[in-house]
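Data block below; observations after.
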C-alpha cells in the first residue's frame, strides 16, 4: 500500500474558459494537500473535431454558451479572479501552449500559466500573438528567447504529443485532472481529484 | 431590501442522471438554509430538439457519455446514493413527471421525486410504466388514483406548460436551480444557488 499522494496531471487549453478558473486554483489546492502537480497543455481543437464539432461547443450550442459566459462571470466574482469577457472566443492558444510545454517542469510554470490565462480572460489580450507572450515572460523575469526555442522543430512535437495523448485518453473537454488514470473533468471536480490523489492506492 | 430568502425553483427531468444526484440533495440543502423550494418537472426531449439534438447529448457524444457514467458512479459512492447503471437510457419520464406536476405543491413531493429517481438509477426499474409509479405511490401511502388524475385532460397541460416555460428560460439541460431569474445548471451548482437565495435582494 502506497501512502504517498499520487501525481495530479492538469490537462488544459489556454483557450478554454473553465480551464482558466481551474488553473487559477489547482496549484494551491495541490500544495495544500501535498499532491504533486504536472502541467499538461493541449489543444482542444483536434479533440472537438474528433467528436464532429467544428468549433467550441459553447459556440455550436448558443444556449450552453450564453450560460457559460454568465457562469464564468459569477465564478470569477466568487473567487476574486480577474474577468473581462473576451472579444474573441476561442482564441488561438498554440503559441503559449508550446511555451508551456517547454517549461512544464519548471517551478515557475504555474505562474506563466496563470498570467497567460489572465491575459486572455481578465484583460482581453491576444494570447496567440508573440509580443503578448514575450511581455509576460519578461514580467516573470524570463528570457523571451524561450519562445524561439519552443517554436523550434525539436520542441514543436511536445504539444502534438500532449494533444495526441489527450485524444488517446478520450478527453472531450477541459480542464481535466487525471490521477492514477482516473479522469476528473471540469472546474467543479478539482477538489475531488485532489482528494483522489490522497487515497491509499494498492 | 428584502432579507427573506428567495424561492429556489428546482427544474429537473426524471430521465436525467445529474438531476438524480441533484434531487437527492437539494431539499435538504434548502431546508438547512431556510430557503423555500419549488419542484419543477419538465421534459428534456423537446429542449434537446431545440438545439438540434435528437437524443441525449450523452448518447450523441459517446466520450462525454462514458465520462458521465463513471462520474455518476463516483458521485453516488461519495454521497452514499443508490446506484445501478440503467439498462435503458434515457428512459421515458413523462408519466412520473405528470404525477410530479400534479403534486408539486404537496409536502411529500420531494419524497415522491427521490423515490422515482432511485427506481431509475438505483434499481434499474421502468419508471415510465404505470405499475412502477403506482407501487411507489402505494409505498408512500398515497392513492394510485392520482395517476389517473394526472393523466386527465384537465391536468396534462401542467407538464406541457413547464416544458414550454423551460424552453422560454432557454434551459439546455438539467438539473437547474433558478433563483430570482438567475440560473444555476448542474449538480455542482446546487450550493451556489442556495447561497444566492440568501443574498439580500434589492
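Residue numbers (the working numbering), protein chains in the order written: chain W, 117 to 318; chain G, 117 to 318.
The beta carbon of each residue, even a glycine, is placed where N, CA and C say it ideally should be.
Q. Of all the options G/184, G/140, G/136 and G/177, which has the alpha carbon lying nearest to the alpha carbon of residue 209 of chain G?
A. Measuring from the Cα of residue 209 of chain G, the nearest candidate turns out to be G/136.
Q. Roughly how many angstroms separate the alpha carbons of residue 130 of chain W and residue 289 of chain G, rounded to a whole number?
A. Whole-angstrom Cα-Cα distance: 26 Å.
Q | Beta-carbon gap between residue 230 of chain G and residue 252 of chain G smaller than 8 Å | A | Cβ atoms of residue 230 of chain G and residue 252 of chain G: not closer than 8 Å.
**Q.** Range of the contiguous alpha helix (DSSP H) that encloses residue 327 of chain W
**A.** No statement about residue 327 of chain W is possible, as the shown extent of chain W runs from 117 to 318 and does not include it.
Q.
Report the CB separation of residue 134 of chain G from residue 259 of chain G in whole angstroms; it is logged as a contact under 8 Å.
A. Not quite, the Cβ-Cβ distance comes to about 31 Å (not below 8 Å), so this is no contact.
Q. Taking Cβ positions only, does residue 185 of chain G come closer than 8 Å to chain C?
A. Considering every chain present, this structure includes no chain C. Its protein chains are W and G.
Q. What did DSSP end up calling residue 252 of chain G once you bin it into helix, strand or coil?
A. Assignment of residue 252 of chain G by DSSP, reduced to helix, strand and coil, places it in the helix class.
Q) If we count Cβ pairs, one from each stretch, closer than 8 Å, do we get three or more for the stretch 305–315 of chain G versus the stretch 176–183 of chain G? A) The stretch 305–315 of chain G vs the stretch 176–183 of chain G: no contact.
Q | Proximity test, Cβ basis, 8 Å: residue 177 of chain W and chain G | A | Taking Cβ atoms only, chain G reaches closer than 8 Å to residue 177 of chain W, which makes this a yes.
Q: Flag residue 286 of chain G as yes if its beta-carbon sits less than 8 Å from any beta-carbon of chain W, otherwise no.
A: Residue 286 of chain G has a beta carbon lying within less than 8 Å of a beta carbon in chain W.
(Q) Considering only the alpha carbon of each residue, which of W/124, W/223 and W/221 lies closest to residue 152 of chain W? (A) Comparing Cα-Cα distances from residue 152 of chain W to each of W/124, W/223 and W/221, the minimum goes to W/124.
Q) For residue 238 of chain W versus residue 197 of chain W, is the C-beta distance shorter than 8 Å? A) Cβ distance < 8 Å, so residue 238 of chain W and residue 197 of chain W count as in contact.
Q | Collapsed DSSP secondary structure at residue 295 of chain G in the structure displayed | A | Here residue 295 of chain G sits in strand by DSSP.
Q: Return helix, strand or coil for residue 129 of chain W, following the three-state DSSP convention.
A: Correct three-state label for residue 129 of chain W: coil.
Q.
For a test of the three-state rule: what should DSSP assign to residue 172 of chain G, helix, strand or coil?
A. Taken through DSSP and simplified to helix, strand or coil, residue 172 of chain G comes out as coil.
Q) Whose CA, out of G/315, G/281 and G/314, lies closest to the CA of residue 162 of chain G? A) Nearest of G/315, G/281 and G/314 to residue 162 of chain G, Cα basis: G/281.
Q) On the three-state DSSP scale, how would you describe residue 154 of chain G? A) Residue 154 of chain G falls in the strand class under three-state DSSP.
Q) Do we get a CB-CB distance below 8 Å when we pair residue 299 of chain G with the residues of chain W? A) Closer than 8 Å to some Cβ of chain W, the Cβ of residue 299 of chain G qualifies, so yes.
Q: Flag this pair as touching only if the stretch 185–196 of chain G and the stretch 217–226 of chain G have three or more C-beta atom pairs under 8 Å; answer yes or no.
A: Touching, no.
Q: Please compile the residues from chain G whose C-beta is within a distance smaller than 8 Å of the C-beta of residue 60 of chain W.
A: Limits of chain W in this structure are 117 at one end and 318 at the other, which puts residue 60 of chain W out of reach.
(Q) Going by DSSP in three states, residue 159 of chain G sits in which element: helix, strand or coil? (A) Three-state DSSP puts residue 159 of chain G in coil, outside helix and strand.
Q: Could you have a look at residue 275 of chain W and say whether DSSP puts it in helix, strand or coil?
A: Helix at residue 275 of chain W.
Q. Among W/242, W/212 and W/204, which has the Cα closest to the Cα of residue 265 of chain W?
A. Per the Cα distances, W/212.
**Q.** Distance, residue 250 of chain G Cα to residue 257 of chain G Cα
**A.** Rounded to whole angstroms, the gap between the alpha carbons of residue 257 of chain G and residue 250 of chain G is 11 Å.
(Q) If you measure between the beta carbons of residue 310 of chain G and residue 149 of chain G, is that distance less than 8 Å? (A) The answer is yes: Cβ separation under 8 Å.
Q | Separation of residue 316 of chain W from residue 144 of chain W, as counted between CA atoms | A | Spanning the two alpha carbons is a distance of roughly 21 Å.
Q: Starting from residue 312 of chain G, follow the alpha helix (DSSP H) in both directions and report where the run begins and ends.
A: Counting along the chain, residue 312 of chain G sits inside the alpha helix (DSSP H) bounded by residues 306–313.
Q: Consult DSSP for residue 317 of chain G and reduce its assignment to one of helix, strand or coil.
A: Three-state result, residue 317 of chain G: strand.
Q: Report the residues of the stretch 183–211 of chain W with a CB closer than 8 Å to any CB of chain G, ordered along the chain.
A: Listed by position, the residues of the stretch 183–211 of chain W near chain G (Cβ gap below 8 Å) are 183, 186, 187, 190 and 194.
Q | Spatial distance of residue 245 of chain G from residue 268 of chain G (CA atoms) | A | The alpha-carbon atoms of residue 245 of chain G and residue 268 of chain G are separated by roughly 16 Å.
Q: To the nearest angstrom, report how far apart residue 122 of chain G and residue 142 of chain G are at their CA atoms.
A: Rounded to whole angstroms, residue 122 of chain G and residue 142 of chain G show a C-alpha spacing of 15 Å.
Q | the stretch 299–316 of chain G: positions lying closer than 7 Å to chain W by Cβ | A | Cβ proximity to chain W below 7 Å picks out 299, 301 and 304 from the stretch 299–316 of chain G.
Q. CA-CA distance, residue 234 of chain G and residue 272 of chain G?
A. Taking the straight line joining both Cα atoms gives about 24 Å.
Q. Do residue 207 of chain W and residue 236 of chain W come within 8 Å of each other at the CB atom, strictly closer than that value?
A. Going by C-beta atoms, residue 236 of chain W is nearer than 8 Å to residue 207 of chain W.
Q.
Please tell me whether residue 77 of chain G and residue 171 of chain G are closer than 8 Å, where the distance is taken between their beta carbons.
A. This structure cannot speak to residue 77 of chain G, because chain G is shown only from 117 to 318.
Q. Between which two residues does the alpha helix (DSSP H) carrying residue 216 of chain W extend?
A. Here the alpha helix (DSSP H) through residue 216 of chain W covers 210–218.
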